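This report concerns only the one structure given below.
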Amino acid sequence: MRSGTVRPGRRLPAPARRSPRPARLGAGDVIRVGAAGLRARRMRVGLSALGITIGIAAMISVVGISASSRADLDRKLARLGTNMLTAAPAKSPDGTVATLPDTAVDMVARIRPVDSVSAIGRIPDVSIYRSEYIPAAETNSIAVYATRLDLPGTIRYTITAGGWLSQPGVRFPTVVLGASAAQSLGIDHLTPQTQVVIGRLRFTVVGILAPAPLAPELDLAAFVGWSTAQRYLGFDGHPTNIYTRVRSESVVAVRGVLGRTIDPAEPYNVRVTRPSDLLVAQAMTDTTFTGLMLGLGAVALLVGGIGVANTMVISVLERRAEIGLRRALGATRGQIRLQFLVESLLLSALGGVGGVLFGILATTGYVATRHWPVYVPPWATLGGFAATVGVGAVAGLYPAMRAARLAPTQALAGM
Amino acid sequence: MSGPQRRPPLVVLEDVTREYPGGVRAVAGVTLAIERGDAVAIVGRSGSGKSSLLNLIGTLDRPTTGRVHIDGCSVADLTDRQLSALRARTIGFVFQQFHLTPGVPISEAVADGLLYAGVGVRDRRRRAAESLQRVGLGHRLHHRPHELSGGEQQRAAIARAVIGNPALLLADEPTGNLDSASGAAVMEVLGQLNDSGTTIVLITHDREVATRLHRQVEIADGVVRADRGVAGVETEVIA
Ligand SMILES: Nc1ncnc2c1ncn2[C@@H]1O[C@H](COP(=O)(O)OP(=O)(O)OP(=O)(O)O)[C@@H](O)[C@H]1O
Ligand SMILES: [Mg+2]
């Protein structure tokens, strides 16, 4: 059963002692081969990249929108300051409201780290109307306050029209309207003849205020001078809201003594708050919402990842012949594994790039409607890319292993 | 090239068998040596074990028993990685299917023949053009497979197989899918390669094709039934 040149008994030449070593593929070749696999199936690649795009875009825009809102808050706080404290009479459990002493403002001004202090006093049972002909019941819920003239300095009000109240002694009584109050009364611009009725008296509107983020209760309000209120509207001279600006490093200390300073006899009658805390707390409730949306984005990304894995599994099944050919051309198992892994990574990175772009676009669009500064944190962009790389690696691992495990003859027979 | 001793044959099979799971003995004890520069036709009925034998010669498969030496290397002593490297440098393959990726210009497909031999992309492209020149497709470099006839596609596949000047070219029914004119053109190319020193082992069903090669090995039921043309000697083995 023997044939050919090999005669029985003759020893075959000993094999030469050199072992062939596979060449390493350069990075360029690795990427070229991976990309070639994608180029051949554009439609399918596009669709499965889209899954990743949606997931990443959702996450980037959620993070971007929340970061932009945060940036807006920071900007606001920087402008308004976090050093304002307010004091108001506390409500007792039986519903009666305490009265602050009329000396309160002078007492507070004596605290050393207090930079400025001002106050307003609610005038009960007085409403404001556009004219005498409006029925008394239509108060628009606008509160009427007596105000000290130094109020804007402490609250940092901006005035959108006209000016602030001037010194008393002017011939006719004047009023300044909060932003929402002006809107409710239908007053959007001022002329010397713009008048409203408070009590039974006509007041000339001399100014309209911009919304005050740190004192939103003052938006639906009208302000008349302290002495004017006492003279014409029966104001009792007791402040109901005291506003103070404190040196930043002493905010906590002043907060501790403010109640005792205002009402030494009954400090528990004074409720002290720091309005900037409210804004921050509001932003915190947004955080839980952001977390929820981020979770949804992660689910979308996961689904996208499954799409990539699916595409890669099908790709390996369809390309058995190609795998066999490459093994015949000298590809090692490792090189086949790398090829499909890189293909999966590129596919997923393609979706990731689209996702980051769409995410930034969506953030910009949404944020523009809110007049917030656009801010997509770099960590979100980097994190998005890292997530796609992770997804691509995980999704590609199993198909790549399967491709590498195929025996060359099996792969070649697969066609 | 020439030393005091003769170089070993390019291919040496020693009592090689290949048994597939399920008990099919596709190769049932083949001993065979193929000298450098030879042109060998492997003929035999369908299912006789020709492709199985060629896969063993090409190191795409390992024997169940027996020893295979390619270019002085014992296949059993080499790892899968080392066999890959051996294929990348020493062996070229041509199949009945052309295995050209649709939409990819043939110059790129041919250049891939050097990808795993560690040749840079520029050199690969240059040599792909040369290799296509060699098979008479120098003017079709940028054509895609669907723009070529079957014979031209097979010649492109041959260009890919020999781009690295392998010592050994294995072809499993390269003309099986072609009409006789295209088949003749492909055989013409293979003949030229053999003339320039490439050892060729070719499976064919076509008696006429087989007789144009220097040596014919006839396989039946996994063993060599006849071996004609070895150093002018005709051996007939009746199993
Ligand atoms: N992977 C495999 N698993 C099991 N049996 C196989 C496998 N490959 C081939 N065979 C069997 O081994 C025998 C030889 O097959 P082989 O493909 O080598 O024949 P061949 O001579 O190339 O035939 P053909 O001329 O039809 O291509 C056949 O009986 C075949 O069914
Ligand atoms: Mg066969």
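Protein chains in written order, with my numbering: chain G, 1 to 415; chain C, 1 to 239. We treat Cβ as the ideally placed atom computed from N, Cα and C, and that holds for glycine. Bear in mind the structure is a predicted one, so any value in this text is a computation, not a measurement.
Inset, instruction - List the endpoints of the continuous beta strand (DSSP E) containing T174/G. - result: Translated into positions along the first sequence, residue 174/G becomes position 174. T174/G -> beta strand (DSSP E) spans 174-177.
Inset, instruction - Give the straight-line distance between the Cα atoms of G151/C and I323/G, rounded to the nearest whole angstrom. - result: Numbered from its first residue, the second sequence carries residue 151/C at position 151. Numbered from its first residue, the first sequence carries residue 323/G at position 323. The alpha-carbon atoms of G151/C and I323/G are separated by roughly 23 Å.
Inset, instruction - With 9 Å as the limit, tell me which residues of the region 323-340 of chain G have their beta carbon closer than that to any beta carbon of chain C; keep them in chain order. - result: So the list reads G324, L325, R326, R327, A328, L329, G330, A331, T332, R333, G334, Q335, given in the order they occur along the chain.
Legend entry - Residues that H250/C bridges to, as DSSP identifies them: The requested residue 250/C does not occur in the structure, where chain C is confined to residues 1 to 239.
Inset, instruction - On the DSSP bridge assignment, give the partners of P89/G in chain order. - result: For the purposes of this step, residue 89/G is taken as residue 89 along the first sequence, with counting starting at 1. Within the DSSP secondary-structure output, P89/G pairs in a beta bridge with V270/G.
Inset, instruction - Would you check if the distance between the CB atom of A181/C and the CB atom of F98/C is smaller than 8 Å? - result: Here residue 181/C refers to the residue found at position 181 of the second sequence. Here residue 98/C refers to the residue found at position 98 of the second sequence. It is not a contact, given that the beta carbons lie outside the stated cut-off.
Inset, instruction - Kindly say whether S84/C, judged by its beta-carbon, lies nearer than 8 Å to any beta-carbon of chain G. - result: For the purposes of this step, residue 84/C is identified with residue 84 of the second sequence, where counting begins at 1. S84/C counts as touching chain G.
Legend entry - Residue-chain proximity (R144/C, chain G), Cβ-Cβ < 8 Å: For this step, residue 144/C is matched to residue 144 along the second sequence. So no, R144/C is outside the interface.
Inset, instruction - Assign L292/G to one of two classes, buried (16 or more other C-beta atoms within 10 Å of its C-beta) or exposed (fewer than that). - result: Taking the first residue of the first sequence as 1, we reach residue 292/G at position 292. With fewer than 16 Cβ atoms within 10 Å of its Cβ, L292/G is classed as exposed.
Legend entry - Under the three-state DSSP convention, the category D80/C falls into: Along the second sequence, read from residue 1 onward, the residue named residue 80/C stands at position 80. Note: D80/C maps to helix in three-state DSSP.
Inset, instruction - Indicate the three-state DSSP secondary structure (helix, strand or coil) for E173/C in the structure shown. - result: One-based indexing of the second sequence puts residue 173/C at position 173. Three-state result, E173/C: coil.
Inset, instruction - Report yes or no: is there a C-beta of chain C within less than 8 Å of the C-beta of P22/G? - result: Position 22 of the first sequence, counted from the first residue, corresponds to residue 22/G. True, the Cβ-Cβ gap to chain C drops below 8 Å.
Inset, instruction - Tell me whether D227/C sits in a helix, a strand or coil according to DSSP, three-state version. - result: On the second sequence, position 227 is the one that residue 227/C refers to. Strand.
Inset, instruction - Determine which residues of the region 112-132 of chain C have a Cβ less than 7 Å from any Cβ of chain G, and write them out in chain order. - result: Within the region 112-132 of chain C, contact with chain G at the beta-carbon level (separation under 7 Å) is assigned to D112, G113, L115, Y116, A117, G118, V121.
Legend entry - 8 Å Cβ cutoff met for L301/G and V389/G: One-based indexing of the first sequence puts residue 301/G at position 301. One-based indexing of the first sequence puts residue 389/G at position 389. Their beta carbons are not under 8 Å apart, which means L301/G does not touch V389/G by this criterion.
Inset, instruction - Could you work out which residues of chain G lie near G229/C, taking near to mean beta carbons separated by less than 9 Å? - result: Position 229 of the second sequence, counting from 1, holds the residue named residue 229/C. Using a Cβ-Cβ cut-off of 9 Å, G229/C is close to nothing in chain G; its nearest Cβ partner there is about 11 Å away.
Legend entry - Contact belief for G237/G with D102/G at Cβ below 8 Å, rounded distance in angstroms: The sequence position of residue 237/G within the first sequence is 237, counting from 1. The sequence position of residue 102/G within the first sequence is 102, counting from 1. G237/G to D102/G, Cβ: 5 Å. Contact.
Inset, instruction - Closer than 7 Å by beta-carbon distance: list the chain D residues that pair up with S19/G, in chain order. - result: Absent here is chain D; the protein component of the structure consists of chains G and C.
Inset, instruction - Could you please tell me which residues of the region 396-414 of chain G, in chain order, have their CB closer than 8 Å to any CB of chain C? - result: Flagged, chain order: A407, P408, T409, L412.
Inset, instruction - Can you tell me the Cβ-Cβ gap for L233/G and I128/G, rounded? I've got them flagged as a contact below 8 Å. - result: As a first step, residue 233/G is located in the first sequence; it is residue number 233 there, counting from the start. As a first step, residue 128/G is located in the first sequence; it is residue number 128 there, counting from the start. 11 Å between Cβ atoms; not a contact.
Inset, instruction - Could you list which residues in chain C have their beta carbon closer than 8 Å to that of T46/G, in chain order? - result: Numbered from 1 along the first sequence, position 46 holds the residue referred to as residue 46/G. Residue identity check: residue 46/G is Gly in the sequence provided, not Thr. G46/G does not reach chain C, its nearest Cβ partner there being about 16 Å away, counting only Cβ pairs nearer than 8 Å.
Legend entry - Contact with chain C by A27/G, beta-carbon distance below 8 Å: Here residue 27/G refers to the residue found at position 27 of the first sequence. Chain C contact via Cβ: absent.
Inset, instruction - Say whether the region 183-198 of chain C touches the region 47-57 of chain C, bearing in mind that this needs 3 or more beta-carbon pairs closer than 8 Å, one atom from each stretch. - result: With the rule of 3 Cβ pairs closer than 8 Å, the region 183-198 of chain C does not count as touching the region 47-57 of chain C.
Legend entry - Contained alpha helix (DSSP H) runs [length at least 4] in the region 91-170 of chain G, N- to C-terminal order: Entirely contained in the region 91-170 of chain G, the alpha helix (DSSP H) runs reaching 4 residues are, in chain order, 104-109, 151-155.
Legend entry - Element boundaries [alpha helix (DSSP H), containing A221/G]: As a position in the first sequence, residue 221/G is number 221, starting the count at 1. Premise fails: A221/G lies in the beta strand (DSSP E), 221-225, not in any alpha helix (DSSP H).
Legend entry - Cβ of L60/C within 8 Å of any chain G Cβ: Looking up residue 60/C in the second sequence gives position 60. So, interface residue.
Inset, instruction - Assess, as a yes-or-no matter, whether the region 335-353 of chain G is touched by the region 396-415 of chain G under the definition of 3 or more beta carbon pairs within less than 8 Å. - result: At 8 Å Cβ cutoff, the stretches touch.
Legend entry - Interface flag, G44/C vs chain G, CB-CB below 8 Å: For this step, residue 44/C is matched to residue 44 along the second sequence. Among the CB atoms of chain G, none fall inside 8 Å of the CB of G44/C.
Inset, instruction - Check the DSSP bridge columns for M84/G and list the partner residues they point to. - result: Along the first sequence, read from residue 1 onward, the residue named residue 84/G stands at position 84. Paired residue(s): R245/G.
Inset, instruction - Can you say whether R7/G is buried or exposed, counting buried as having 16 or more other CB atoms within 10 angstroms of its CB? - result: Counting from one through the first sequence, the residue named residue 7/G turns up at place 7. Any reading at R7/G must be qualified, since the residue scores a pLDDT of 42, below 50, and its modelled position is unreliable; no value is offered.
Inset, instruction - Could you pull out every residue in the same chain whose Cβ sits closer than 6 Å to the Cβ of G92/C, ignoring the five residues on either side in sequence? - result: To locate residue 92/C, count along the second sequence from 1; it is residue 92. Within the same chain, G92/C has close Cβ partners A161, V162, P166, L169.
Legend entry - Any chain C beta carbon closer than 8 Å to A40/G: Start at 1 with the first residue of the first sequence, and residue 40/G comes out as number 40. The beta-carbon of A40/G is placed less than 8 Å from the nearest beta-carbon of chain C.
Legend entry - Distance, G354/G Cα to P9/C Cα: Here the question's residue 9/C lines up with position 9 in the second sequence. Here the question's residue 354/G lines up with position 354 in the first sequence. If I take the Cα positions, the gap works out to 57 Å.
Inset, instruction - Rounded to whole angstroms, what's the CA-CA distance from I219/C to R228/C? Just pull it up for me. - result: Reading the second sequence from its first residue, position 219 is the one you call residue 219/C. Reading the second sequence from its first residue, position 228 is the one you call residue 228/C. One C-alpha to the other measures close to 12 Å.
Inset, instruction - Confirm the yes/no value for this check: CB of G49/C, any heavy atom of ligand 1, distance under 7 Å. - result: In the second sequence, the residue the question calls residue 49/C occupies position 49. Checking the Cβ of G49/C against ligand 1 gives yes.
Legend entry - Neighbourhood of P216/G by C-beta distance below 8 Å, restricted to the same chain and skipping five residues each side: For the purposes of this step, residue 216/G is taken as the residue at position 216 of the first sequence. Cβ neighbours of P216/G beyond the five flanking positions: none.
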